[in-house]
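> Got a structure for you, written out below as structure tokens; questions coming shortly.
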Amino acid sequence: MTAVDTPPSANVGTTKLRKEDAHLVTGRTQWTDNLQLTGMLHVAVVRSPMAHARVTKVDVSGALEQPGVVAAFSGADLADHWAGGLPCAWPVTEDMQSPTHLPIATDEVRHVGDVVAVVVANSRYGAADATEFVDVEYEPLPAVVDMEAALADGSPLADTQLDTNRSFTWQKIDGDVDAAFDSAPHVVERRFINQRLIPTAIEPRAVVCAPPREHREYTMWSATQVPHILRLMLALTCGVPEHELRVIAPDVGGGFGSKLNVYAEEAICLVLAKRLGKPIKWTESRSEGYQATIHGRDQIQDVSLAFNEDHTIRGMKVELHADMGAYLQLVTPGIPILGAFMYNSIYKMDALSFTCHGVLTNKTPTDAYRGAGRPEATYAIERLMDEAANELGVEPFELRERNWIKHEEFPYTTIAGIEYDSGNYEAATAKAKELFDYDGLRAEQQRRRDDGDPVQLGIGISTFTEMCGLAPSRVLGSLSYGAGGWEHASVRMLPSGKVEVITGTSPHGQGHVTSWSQIAADALGIPFEDIEVRHGDTAVAHKGMDTYGSRSLVVGGYAVQVACDKVVAKAKRVAAHLLEAAEDDVEFDAGTFQVKGSPDANTTMQDVALAIFAAHDYPEDMEPSLDSDATVDPENFSYPHGTHLCATEVDTETGAVTIRSYVAVDDVGTVINPQIVEGQVHGGLAQGIAQALFEEAVYDAEGQLKTGSLLDYYVPGAPDLPHFTTDRTETPATTNPLGVKGVGEAGTIASTPAVINAVVDALRPMGVNDVLMPASPQNVWNAIQAASSASTTAASAADGGAA
Amino acid sequence: MTRVGMTVDGEPYEHEVEPRLLLVHYLRDVLEKTGTNIGCDTSNCGACTVHLDGRSAKSCTVLAVQADGSQVDTVEGLAEPSSDADETDGWHPLQKAFHTEHGLQCGYCTPGMIMAAKDLLEENPDPDETEVREGLEGNLCRCTGYVNIVKAVRTAAAELREGASS
Ligand code: FES
Ligand code: FES
Chain A
1 MTAVDTPPSA
11 NVGTTKLRKE
21 DAHLVTGRTQ
31 WTDNLQLTGM
41 LHVAVVRSPM
51 AHARVTKVDV
61 SGALEQPGVV
71 AAFSGADLAD
81 HWAGGLPCAW
91 PVTEDMQSPT
101 HLPIATDEVR
111 HVGDVVAVVV
121 ANSRYGAADA
131 TEFVDVEYEP
141 LPAVVDMEAA
151 LADGSPLADT
161 QLDTNRSFTW
171 QKIDGDVDAA
181 FDSAPHVVER
191 RFINQRLIPT
201 AIEPRAVVCA
211 PPREHREYTM
221 WSATQVPHIL
231 RLMLALTCGV
241 PEHELRVIAP
251 DVGGGFGSKL
261 NVYAEEAICL
271 VLAKRLGKPI
281 KWTESRSEGY
291 QATIHGRDQI
301 QDVSLAFNED
311 HTIRGMKVEL
321 HADMGAYLQL
331 VTPGIPILGA
341 FMYNSIYKMD
351 ALSFTCHGVL
361 TNKTPTDAYR
371 GAGRPEATYA
381 IERLMDEAAN
391 ELGVEPFELR
401 ERNWIKHEEF
411 PYTTIAGIEY
421 DSGNYEAATA
431 KAKELFDYDG
441 LRAEQQRRRD
451 DGDPVQLGIG
461 ISTFTEMCGL
471 APSRVLGSLS
481 YGAGGWEHAS
491 VRMLPSGKVE
501 VITGTSPHGQ
511 GHVTSWSQIA
521 ADALGIPFED
531 IEVRHGDTAV
541 AHKGMDTYGS
551 RSLVVGGYAV
561 QVACDKVVAK
571 AKRVAAHLLE
581 AAEDDVEFDA
591 GTFQVKGSPD
601 ANTTMQDVAL
611 AIFAAHDYPE
621 DMEPSLDSDA
631 TVDPENFSYP
641 HGTHLCATEV
651 DTETGAVTIR
661 SYVAVDDVGT
671 VINPQIVEGQ
681 VHGGLAQGIA
691 QALFEEAVYD
701 AEGQLKTGSL
711 LDYYVPGAPD
721 LPHFTTDRTE
731 TPATTNPLGV
741 KGVGEAGTIA
751 STPAVINAVV
761 DALRPMGVND
771 VLMPASPQNV
781 WNAIQAASSA
791 STTAASAADG
801 GAA
Chain B
1001 MTRVGMTVDG
1011 EPYEHEVEPR
1021 LLLVHYLRDV
1031 LEKTGTNIGC
1041 DTSNCGACTV
1051 HLDGRSAKSC
1061 TVLAVQADGS
1071 QVDTVEGLAE
1081 PSSDADETDG
1091 WHPLQKAFHT
1101 EHGLQCGYCT
1111 PGMIMAAKDL
1121 LEENPDPDET
1131 EVREGLEGNL
1141 CRCTGYVNIV
1151 KAVRTAAAEL
1161 REGASS
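So the sequences go chain by chain: A and B.
First residue of the first sequence: 1, per our numbering; consecutive thereafter.
First residue of the second sequence: 1001, per our numbering; consecutive thereafter.
This is the structure:
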């Protein structure tokens, strides 16, 4: 047979329907909470109702008398089982202050929801009931809630074991910031509030841990994004040797960063399985999760930009207060630090100073939430560019274009010291403006302003970039992160011609099984259907850095490609041997090895796989195996970008905001599966818009979480969100062989400022220059009232008070 | 303990249960029918949506004893068994359309979403975008941003209408 005209990539770049879907649409799923093991016991957790208190007594004896209760433990009862506190893998400064975080608190509780005791019973309901009979006495301590007050002299302490609420101050200064600001003709300065959010993956967390049976190992199933990291960290925390612990992330129902962690309940289930010798299950209730699962954002951002007369940017200053909450979880302190590289965004400037104060408070810890540090930075710079355009009296796109990195200037080393490999801001912007009918909407806006329409049209712009694909290991090392950012893949060539791809990424909705199959299918010339992708079980995928930070494709997909390339290289040698040709004379295309110039001398990848399995005849200087591994360490981050445009209708009489249209043009480099990419953008947009318009985690002055359930924390439903118009430009990445860039977080990062810029733009004629997020009717109305009373005061001052 | 009996996905079941046992826990923990999920404790998310005597209901808001004598349908009973090699042949048009339109990512909301959409289409066989969005108001999805869910429901609606008229 001869190789026919097959396109070099038949799978990559085309929409393949997801292999993941069959069991999900039919209900044959494997969520962690589905598991029922013989003899399994259920844990319920007793949590602190107080934000900060000394624990003076924990008596579990009442619970032990309840029907079905098998055991109950206080923090003191299990204190000897922890080899250490729950880990923080990112000590951003040498003197970072970090409260000791035991899975079960012993003498001090530091936020509502902190664990004080656990009850184990033979049923879910029985365990929950018995928690009522655990007698805990608290001596209230003052709660630290406000970040700035927390840093003032004489503030009460969020952790009485420390002598400060300042966890760290981290600084990065590039260029001569004083020179940039001192003689600047224009300086624009603002304070923005990035409110606290609750990630709310629809599957609550759940953990099942089984003690050793026929094997020596413990098996843990957890609704986690990070089975590999979890295994190592639990081994260190619970004193179970790493090789005796297997962690499985079965079907996982979304994460968005909230399952990128090592949680008390995971450590507790492991230790209880050890202590009681029975399988242990814990499933979070939603309201419990709102206290016990990490929150996101919560920064106060003081930012300023200095401009030249010609409106080019001279420099930027950023000072952040970032609320860590009560404990430093896995990567808590690193989240705002990631912003250090992103405040300058797509703009050229000569100086940038970034200072971040990490503050301890008596609230649920913050950590990675979709975007993690980059949405905050992008919000600040994109809001500030609009404010600057307004103050300087220029069109917001004109100001952006004046300052952004031109297409021909790539690769470009930014003021923050990282190299953007590729991008085309002009192309994405042109496409977005056209899809949006930018000029038409501006004209309509002007008409409605002139007519005094009570419902005003606002147009919001976000020309964003972000850094993702975490991450070059050496860069992580220089930022004091506790591990590298490589990823691993292996390819097993089965004798029947089928293929198993093993990946170290751990998907929970992103469609890796499908996309990785597409990559491998093209690289190996094996049909898409003949490839199985295995993941999320440390016994199967023994090595990996898991899924977060829009890293999976750019690092994990890259590893799949490299592992496949190694298979092809080995197979080519075998093929040459079998075809009795020199290796250099053999060409590989679409699964067929062929001797140049001899159309009949060919063999297929499948035949080579069978031949090497039989191993009767293969080159003497190689092992009889095509299987290959690859561990790739990216040389750079990935820099997707795009232009998002939002049109809002803002009712100036009620403060109600509706999104009339939303256009997102994203450039995520080469695309493996357009449908999956579009889905990632949609989901990202929904979460970014949710921050802009709907969501806020609210604590009162006592540190009580006022938005403690889905009743009070408003996650938008289908009627709350608009249709999204999405499109792409494609500027391939130059730092990985696939040309791909990350996409998981782009929509979230871009959309929040696009929406708020649109809301502010609608109200600009009324003197409004900011609206607090979420831009609820109340916050919008407050902004209108504040602006109108400011203008009345100004007017009456100008009129000498006669008005 | 109270005796309850009901038909779930066409099979009859009878058990002694605690009077306070939620229907969703009865399905998941007692019947081991784990196709129906739980996403909240305040009846906001809709992950637990099933059909109770033909109408959609959040099974976390119903006690098992209240469903005594009822017919319960879950996502697990939706597909027709298919003899064909392609199992999607037996799928309900909604299952097919969620797959083809990429109306799911993690899939946790999907069983509830599909059951709610089925009820919606039984009421309104040709909903426009706004009607789909409003009809699914009680079901939260955190992954998809809803655009492809809306598409999937309208695609399924078209297929169902075609099936009904042919
Ligand atoms: S679990 Fe029933 S509505 Fe959320
Ligand atoms: S697909 Fe994940 S919650 Fe809807």
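A virtual CB, placed ideally from N, CA and C, is assigned to each residue, including glycine.
#1: Does the stretch 245 to 253 of chain A come within contact of the stretch 25 to 32 of chain A, defined as at least 3 CB pairs closer than 8 Å?
#2: Just jot down, in chain order, the residues whose CB lies closer than 5 Å to any heavy atom of ligand 4.
#3: Checking 8 Å against the spacing of the C-beta atoms, do H488(A) and G544(A) come in under that value?
#4: For S628(A), which residues in chain B fall below 7 Å Cβ to Cβ?
#5: Can you pull the chain B neighbours of T200(A), defined as C-beta to C-beta under 7 Å?
#6: Helix, strand or coil for H101(A)? Go by DSSP, reduced to three states.
#7: With 16 other CB atoms within 10 Å as the buried threshold, where does A442(A) fall?
#8: Identify every residue that forms a DSSP beta bridge with A210(A).
#9: I'd like to check one pair, Q171(A) with F354(A): are the Cβ atoms closer than 8 Å?
#10: Given the structure, does K406(A) come close to ligand 1, in the sense that its CB is under 7 Å from one of the ligand's heavy atoms?
#11: With 7 Å as the limit, tell me which residues of the stretch 1038 to 1049 of chain B have their beta carbon closer than that to any beta carbon of chain A; keep them in chain order.
#12: How about P227(A) and D537(A): are their beta carbons less than 8 Å apart?
#13: Can you tell me which of V187(A), V475(A), E20(A) and S791(A) puts its alpha carbon nearest to the alpha carbon of K317(A)?
#14: Mark D5(A) as exposed unless 16 or more other C-beta atoms lie within 10 angstroms of its C-beta, in which case mark it buried.
#15: Express the C-alpha separation of L476(A) and H808(A) in angstroms, rounding to a whole number.
#16: May I have the straight-line CA-CA distance separating L260(A) from L330(A), to the nearest angstrom?
#17: If you count every other CB in all the chains shown that lies within 10 Å of the CB of I335(A), and 16 or more means buried, which is it?
#18: Do we get a CB-CB distance below 8 Å when we pair L133(A) with the residues of chain B?
#19: Quick one: what does DSSP say N194(A) is sitting in, helix, strand or coil?
#20: Please state the DSSP three-state secondary structure of A427(A).
#21: Taking Cβ to Cβ, would you say L234(A) is nearer than 8 Å to L1104(B)?
#22: For a quick check, are the C-beta atoms of R18(A) and T514(A) less than 8 Å apart?
#23: How many angstroms separate the CA atom of Y558(A) from the CA atom of S496(A)?
#24: So, is G61(A) buried or exposed, given that buried needs 16 or more other C-beta atoms within 10 angstroms?
#25: Is Q225(A) helix, strand or coil when you go by DSSP?
#26: Whose Cβ in chain B lies nearer than 9 Å to the Cβ of R47(A)?
#27: Would you say D546(A) lies against chain B (beta-carbon separation less than 8 Å)?
#28: Across the stretch 1045 to 1059 of chain B and the stretch 1080 to 1098 of chain B, are there enough close Cβ pairs to call them in contact, namely three or more that are closer than 8 Å?
#29: Using only the alpha-carbon positions, how far apart do H111(A) and T366(A) sit?
#30: Show which residues of chain B have a CB atom less than 9 Å away from the CB atom of I676(A).
#31: Looking at C-alpha atoms only, which residue of N673(A), A128(A), V116(A) and A184(A) is the closest neighbour of A521(A)?
#32: Apart from the five residues on each side of it in sequence, which residues of its chain come closer than 6 Å, Cβ to Cβ, to G801(A)?
#33: Could you please give me the residues that DSSP links to Q594(A) through a beta bridge?
#34: Note down, in chain order, each residue of its chain lying with its Cβ closer than 8 Å to the Cβ of G1090(B), except the 5 sequence neighbours on either side.
#35: With respect to 7 Å, is the separation between the Cβ of K259(A) and the closest non-hydrogen atom of ligand 1 below this value?
#36: Give the single residue among L141(A), E266(A) and L157(A) whose Cα lies nearest to the Cα of E148(A).
The short version:
#1: Output reads yes: the stretch 25 to 32 of chain A touches the stretch 245 to 253 of chain A.
#2: Ligands in the displayed structure: ligand 1 and ligand 2; ligand 4 is not one of them.
#3: Counted from its first residue, the first sequence places residue 488(A) at position 488. Counted from its first residue, the first sequence places residue 544(A) at position 544. Yes. Within cutoff.
#4: Taking the first sequence and counting its residues from 1, one reaches residue 628(A) at position 628. Correct list: empty, because the minimum Cβ distance to chain B is about 30 Å.
#5: Mapped onto the first sequence, residue 200(A) falls at position 200. Contact note: T200(A) reaches chain B through R1142, using a C-beta cutoff of 7 Å and chain order.
#6: Translated into the one-based positions of the first sequence, residue 101(A) becomes position 101. Here H101(A) sits in coil by DSSP.
#7: Taking the first residue of the first sequence as position 1, residue 442(A) is located at position 442. It should be noted that the sequence gives Arg, not Ala, for residue 442(A). Exposed.
#8: The sequence position of residue 210(A) within the first sequence is 210, counting from 1. DSSP lists T219(A) as partners of A210(A).
#9: By one-based count along the first sequence, residue 354(A) stands at place 354. By one-based count along the first sequence, residue 171(A) stands at place 171. Taking 8 Å as the cut-off, the beta carbon of F354(A) is found closer than this to the beta carbon of Q171(A).
#10: Counted from its first residue, the first sequence places residue 406(A) at position 406. Result no, Cβ not under 7 Å from ligand 1.
#11: Result list: G1039, C1040, D1041, T1042, N1044, C1045 and A1047.
#12: Looking up residue 227(A) in the first sequence gives position 227. Looking up residue 537(A) in the first sequence gives position 537. Yes, the pair counts as a contact, with Cβ atoms nearer than the cut-off.
#13: The residue given as residue 317(A) occupies position 317 in the first sequence. Looking only at V187(A), V475(A), E20(A) and S791(A), the smallest Cα-Cα distance to K317(A) is reached by V187(A).
#14: Numbered from its first residue, the first sequence carries residue 5(A) at position 5. Model confidence at D5(A) stands at a pLDDT of 46, short of 50, so the residue's coordinates are unreliable and nothing is read from them.
#15: Residue coverage of chain A in this structure runs from 1 to 803, which leaves residue 808(A) outside it and unanswerable.
#16: Translated into the one-based positions of the first sequence, residue 260(A) becomes position 260. Translated into the one-based positions of the first sequence, residue 330(A) becomes position 330. Distance from the CA atom of L260(A) to the CA atom of L330(A), rounded to whole angstroms, is 8 Å.
#17: In the first sequence, residue 335(A) corresponds to position 335, counting from 1. Counting Cβ neighbours within 10 Å, I335(A) comes out buried, since at least 16 surround it.
#18: Locating residue 133(A) in the first sequence gives position 133, counting from the first residue. Note on residue identity: the sequence assigns Phe, not Leu, to residue 133(A). Interface flag for F133(A) against chain B is unset, since no Cβ pair is found closer than 8 Å.
#19: Stepping through the first sequence from its first residue, residue 194(A) is reached at position 194. Residue state for N194(A) is assigned as strand, using DSSP reduced to three classes.
#20: Locating residue 427(A) in the first sequence gives position 427, where the first residue counts as 1. It is helical.
#21: Residue numbering aside, residue 234(A) sits at position 234 when the first sequence is read from its first letter. Residue numbering aside, residue 1104(B) sits at position 104 when the second sequence is read from its first letter. No, Cβ-Cβ distance for L234(A) and L1104(B) is not below 8 Å.
#22: Taking the first residue of the first sequence as 1, we reach residue 18(A) at position 18. Taking the first residue of the first sequence as 1, we reach residue 514(A) at position 514. In contact: R18(A) and T514(A) (Cβ atoms closer than 8 Å).
#23: Reading the first sequence from its first residue, position 558 is the one you call residue 558(A). Reading the first sequence from its first residue, position 496 is the one you call residue 496(A). Cα-Cα distance, rounded: 26 Å.
#24: Here the question's residue 61(A) lines up with position 61 in the first sequence. It is Ser, not Gly, that sits at residue 61(A) in the sequence shown. So S61(A) counts as exposed.
#25: For the purposes of this step, residue 225(A) is identified with residue 225 of the first sequence, where counting begins at 1. Coil, per DSSP.
#26: Taking the first residue of the first sequence as position 1, residue 47(A) is located at position 47. Ordered by position in chain B, no residue passes the 9 Å Cβ test against R47(A), which lies about 14 Å from the chain.
#27: Taking the first sequence and counting its residues from 1, the one referred to as residue 546(A) is at position 546. No - not a single Cβ of chain B is within 8 Å of the one on D546(A).
#28: With a cut-off of 8 Å on Cβ pairs, the stretch 1045 to 1059 of chain B is not in contact with the stretch 1080 to 1098 of chain B, counting fewer than three such pairs.
#29: The residue you call residue 111(A) lines up with position 111 of the first sequence. The residue you call residue 366(A) lines up with position 366 of the first sequence. Just so you know, the alpha carbons of H111(A) and T366(A) end up roughly 12 Å apart.
#30: By 1-based counting over the first sequence, the position of residue 676(A) is 676. Result: H1102 and Q1105.
#31: Numbered from its first residue, the first sequence carries residue 521(A) at position 521. For A521(A), the nearest C-alpha among the options comes from N673(A).
#32: For the purposes of this step, residue 801(A) is taken as the residue at position 801 of the first sequence. Note on G801(A): pLDDT 46, under 50, position unreliable in the model; the coordinate value appears next. Closer than 6 Å at Cβ, skipping near neighbours: no residue.
#33: As a position in the first sequence, residue 594(A) is number 594, starting the count at 1. Per DSSP, E587(A) and N602(A).
#34: Stepping through the second sequence from its first residue, residue 1090(B) is reached at position 90. Taking C-beta separations shorter than 8 Å and ignoring five residues to either side along the sequence, the partners of G1090(B) in its chain run A1079, E1080, P1081, S1082 and D1084, following chain order.
#35: As a first step, residue 259(A) is located in the first sequence; it is residue number 259 there, counting from the start. Checking every heavy atom of ligand 1 against the Cβ of K259(A), none is found closer than 7 Å.
#36: Your numbering for residue 148(A) matches position 148 in the first sequence. The candidate whose alpha carbon is nearest that of E148(A) is L157(A).
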